[in-house]
Amino acid sequence: MKYLKFNHDYAVSIFEGLKNKTIRIDDKNIRVGDVIQLVDKVSSNKPQQWTITGEINVKGIQVFKLDDVPLELLESSELVSLDRDSLYDFLRRFYGEEIDGESIVKIITFEFKPYTSALPYMAQADSGATNINEAIMFADGGSRGNPGPSAAGFVVMDTANNLLETWNKYLGITTNNQAEYHALIAGMEWCRQKNVKELQVRMDSMLVVNQLKGIFKVKNRDLWSLYETAKKLQASFKNFSITHVPREMNKLADREVNKALDAIKDEDVVQ
Numbered sequence: 000m001k002y003l004k005f006n007h008d009y010a011v012s013i014f015e016g017l018k019n020k021t022i023r024i025d026d027k028n029i030r031v032g033d034v035i036q037l038v039d040k041v042s043s044n045k046p047q048q049w050t051i052t053g054e055i056n057v058k059g060i061q062v063f064k065l066d067d068v069p070l071e072l073l074e075s076s077e078l079v080s081l082d083r084d085s086l087y088d089f090l091r092r093f094y095g096e097e098i099d100g101e102s103i104v105k106i107i108t109f110e111f112k113p114y115t116s117a118l119p120y121m122a123q124a125d126s127g128a129t130n131i132n133e134a135i136m137f138a139d140g141g142s143r144g145n146p147g148p149s150a151a152g153f154v155v156m157d158t159a160n161n162l163l164e165t166w167n168k169y170l171g172i173t174t175n176n177q178a179e180y181h182a183l184i185a186g187m188e189w190c191r192q193k194n195v196k197e198l199q200v201r202m203d204s205m206l207v208v209n210q211l212k213g214i215f216k217v218k219n220r221d222l223w224s225l226y227e228t229a230k231k232l233q234a235s236f237k238n239f240s241i242t243h244v245p246r247e248m249n250k251l252a253d254r255e256v257n258k259a260l261d262a263i264k265d266e267d268v269v270q
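If you use numbering that gives the first Met the number 0, the sequence shown corresponds to residues 0 to 270, in order.
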């Protein structure tokens with residue numbers, strides 16, 4: 000998922016519903032409809048203290064050369080003073096002295112949806128880091144109806160509970176157990192690509208956990224190929240464990256599932 004970082008005072012203003020715009024030299028290819036996590040730089044020089052306080056839903060984007068930006072459009076943005084010098088100073092502080100009147104900027108208007116509780120942010124999460132030695136993954140899948148519209152989601156953290164990745168996907172019409180396996184496989188594949196050596200998986204599906212442990216047999220033909228894929232991925236890790244947890248301990252992954260299901264429209268549901 001993409002991130003937008005804000006200084007603490009402005010992040011608080013967004014949280015309180017007082018601000019809903021930002022001006023950016025867009026290096027993330029942000030588009031209308033994107034859902035982006037908001038990072039509150041609680042202490043700007045201490046990334047280990049930063050938190051993810053909620054999600055930004057991009058509602059509008061206006062593109063200008065810097066010298067052509069109508070200052071009145073920035074009334075709900077980060078700028079303290081609505082004048083051209085303040086605009087230049089603000090952007091150069093973050094993007095460097097090469098910013099000039101020909102630089103292309105985006106004014107991004109958004110709605111903010113706060114999380115019930117803030118998540119930890121890990122500075123390397125969007126830095127392209129590709130080597131993580133040890134990780135903890137929460138995975139979940141669900142269907143509304145069984146079978147019915149389904150989604151999978153996972154959350155990966157390091158052993159200090161720093162957030163590394165969140166992911167969700169609408170799957171179409173599947174069973175609940177198929178969705179659980181899809182979540183597990185997607186999360187394991189992400190960890191494999193990040194060169195995770197030791198992976199701890201936590202799920203609230205007793206069936207999937209016990210099948211991976213060899214306690215339950217895989218009797219349902221619809222799960223055979225998913226099970227085999229998961230077992231092959233399991234072999235990618237030096238140390239692998241999978242543990243059953245109560246649903247209340249799997250809320251982060253469950254939230255990803257519901258996020259995907261809540262986002263679908265009736266016409267997206269294929270029978």
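Where a beta carbon is used, it is the ideal one built from N, C-alpha and C, also for glycine.
Assigned exposure category for residue i - 16 Cβ within 10 Å defines buried
i	result
arginine 201	buried
serine 142	buried
alanine 150	buried
threonine 50	buried
proline 245	exposed
tyrosine 28	The sequence as given places asparagine at residue 28; tyrosine does not occur at that position. Exposed: under 16 other Cβ atoms inside 10 Å.
glutamine 270	Confidence at glutamine 270 is low in this model, with a pLDDT of 41, below 50, so the placement of that residue should be treated as unreliable; the coordinate-derived value is given next. Exposed, since its Cβ has fewer than 16 Cβ neighbours within 10 Å.
leucine 17	exposed
glycine 32	exposed
isoleucine 214	exposed
Distance between beta carbons of residue j and residue i, contact taken as under 8 Å
i	j	result
lysine 4	lysine 40	6 Å
C-beta atoms of residue i and residue j nearer than 7 Å
i	j	result
alanine 138	alanine 182	yes
asparagine 56	valine 34	yes
asparagine 145	lysine 258	no
isoleucine 172	threonine 228	no
serine 240	glutamine 210	no
isoleucine 135	methionine 156	yes
valine 208	histidine 243	yes
valine 154	isoleucine 22	no
glutamine 61	isoleucine 106	yes
valine 102	leucine 65	The sequence given here has serine at residue 102, not valine. Taking 7 Å as the Cβ cut-off, serine 102 and leucine 65 qualify as a contacting pair.
tyrosine 87	glutamine 36	no
alanine 117	threonine 165	no
tyrosine 180	leucine 225	yes
Residues bridged to residue i [DSSP beta-bridge criterion]
i	result
glutamine 36	Tyr2 and Glu54
alanine 134	Leu198
Residues of its chain near residue i, where Cβ-Cβ distance is below 6 Å and the 5 sequence neighbours each way are ignored
i	result
alanine 122	The predicted model places alanine 122 with a pLDDT of 48, which falls under 50 and marks its position as unreliable; any figure quoted below should be read in that light. Excluding residues within five positions, the ones whose Cβ falls inside 6 Å are Pro46.
methionine 248	none
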